[in-house]
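Read the structure below first, then the notes.
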Amino acid sequence: MPGTAGNGWPAELAQRADRPGSDGEHALQTRLGTTQRADRFYRDQVLDHLNERMREFVSAAEMFFLATSDRHGECDNTFRAGPPGFLQVLDARTLAWPEYRGNGVHASLGNLAENPHAGLLLLDFERARIGLHVNGRARMADDAELRARHPWLPVDSVPGRRTDIWVRLEVEEAYIHCAKHIPHLVKAPKRSARDWGTDDARRKGGDFFGAAREAQLRRTRELHQLDPPPPLPVRTPAATAPPVVGPPPPDAAEWR
4 MPGTAGNGWP AELAQRADRP GSDGEHALQT RLGTTQRADR FYRDQVLDHL NERMREFVSA
64 AEMFFLATSD RHGECDNTFR AGPPGFLQVL DARTLAWPEY RGNGVHASLG NLAENPHAGL
124 LLLDFERARI GLHVNGRARM ADDAELRARH PWLPVDSVPG RRTDIWVRLE VEEAYIHCAK
184 HIPHLVKAPK RSARDWGTDD ARRKGGDFFG AAREAQLRRT RELHQLDPPP PLPVRTPAAT
244 APPVVGPPPP DAAEWR
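For reference, each letter of the sequence shown is one residue, going 4 to 259 in this note's numbering.
So, in structure tokens, the structure goes:
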């Protein structure tokens, strides 16, 4: 049996914290009376590494959700996808995935540059209908740097595209997401090959939510507010002709 600490945790967990989780969740467990229930989950399900079955699950994944935040705690959640193996298992405590240009914003990488904490959620909708949480500390690595240490990395994890930057995640927590409410989904057949790496706006979804059109209308309104049309020219009244000075008209009686 693995060694245990005095609080009942496996020794490997006790070495890094008395109890997994945040002070906030511990306070709520006390308030809501779920401490023992949480303790069972911590003890039985939370690991500080990826066991063999978790590594197999990650290697087969075609997608995951990625949560990051900046140094102020402002959060962002996004989606990463690729063929099986695009999320690389470097070892039991390390994952890596390639990053690409995308929309050019680099929100996730920007957050990680300020705050290395990241949370991954992998969901299998097709087969096991189960999920896996992986939390840890991430840092960016140049392709050449990571490839020098792991020369077996694929050149194009996403077909036809080679990355310049990888994200390397040091695993701190890994635990199950229960299957109870994960729907069973089946992949729809596609008429053509998947559009990995395309810059075609239509294939990427175009302006599905109408945000670009709203932005265009907003810019048009702002343009009219900031640069109103020039005023119409003011029409100045014509000058009054001066009266003609001359002899008075003849008396009407003279014309009789």
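Idealized CB from N, CA, C, for every residue including glycine.
ALA218 and GLU173 - do their beta-carbons sit closer together than 9 Å? Within the sequence shown, numbered from 1, the residue matching residue 173 stands at position 170. Within the sequence shown, numbered from 1, the residue matching residue 218 stands at position 215. No, the Cβ-Cβ distance between GLU173 and ALA218 is not below 9 Å.
Whose C-alpha, out of ASP127, ARG222, ASP159 and ALA147, is nearest the C-alpha of ALA182? Residue 182 sits at position 179 when you count from the first residue of the sequence shown. Minimum Cα distance to ALA182 is reached at ASP127.
Residues bridged to PRO101 by DSSP? Locating residue 101 in the sequence shown gives position 98, counting from the first residue. Paired residues: TRP169.
If I measure Cβ to Cβ from ASN114 and keep anything under 7 Å in the same chain, skipping five residues before and after, which residues do I get? For this step, residue 114 is matched to residue 111 along the sequence shown. Excluding positions up to five away in sequence, the list reads THR71, SER72, ASP73 and ASP79.
Using the Cβ count rule (16 or more neighbours within 10 Å means buried), how would you classify ARG171? Looking up residue 171 in the sequence shown gives position 168. Residue burial annotation: ARG171 is buried, with at least 16 other C-beta atoms found within 10 angstroms of its C-beta.
contact_flag[the stretch 30 to 49, the stretch 97 to 110] where n(CB pairs < 8 Å) is 3 or more: No: the two stretches stay apart, fewer than three of their Cβ pairs being nearer than 8 Å.
Straight-line Cα distance separating THR37 from SER29: The residue given as residue 29 occupies position 26 in the sequence shown. The residue given as residue 37 occupies position 34 in the sequence shown. Here the sequence assigns His to residue 29, which means Ser is not the residue at that position. Here the alpha carbon of HIS29 sits roughly 9 Å from the alpha carbon of THR37.
Reference ASP145, options ARG58, TRP169 and GLU65, closest by Cα: To locate residue 145, count along the sequence shown from 1; it is residue 142. Checking every option, the nearest Cα to that of ASP145 belongs to TRP169.
Please return the same chain residues whose Cβ sits closer than 8 Å to the Cβ of HIS187, not counting the five positions on each side in sequence. By 1-based counting over the sequence shown, the position of residue 187 is 184. Taking C-beta separations shorter than 8 Å and ignoring five residues to either side along the sequence, the partners of HIS187 in its chain run PHE128, GLU129 and ARG132, following chain order.
Going by alpha carbons, who is nearest to GLY105 out of ARG150, ASN118 and ASP167? As a first step, residue 105 is located in the sequence shown; it is residue number 102 there, counting from the start. The residue with the shortest Cα to Cα distance from GLY105 is ASP167.
What is the rounded straight-line gap between the Cα of LEU220 and the Cα of SER111? For this step, residue 220 is matched to residue 217 along the sequence shown. For this step, residue 111 is matched to residue 108 along the sequence shown. Approximately 29 Å, taken between the alpha carbons.
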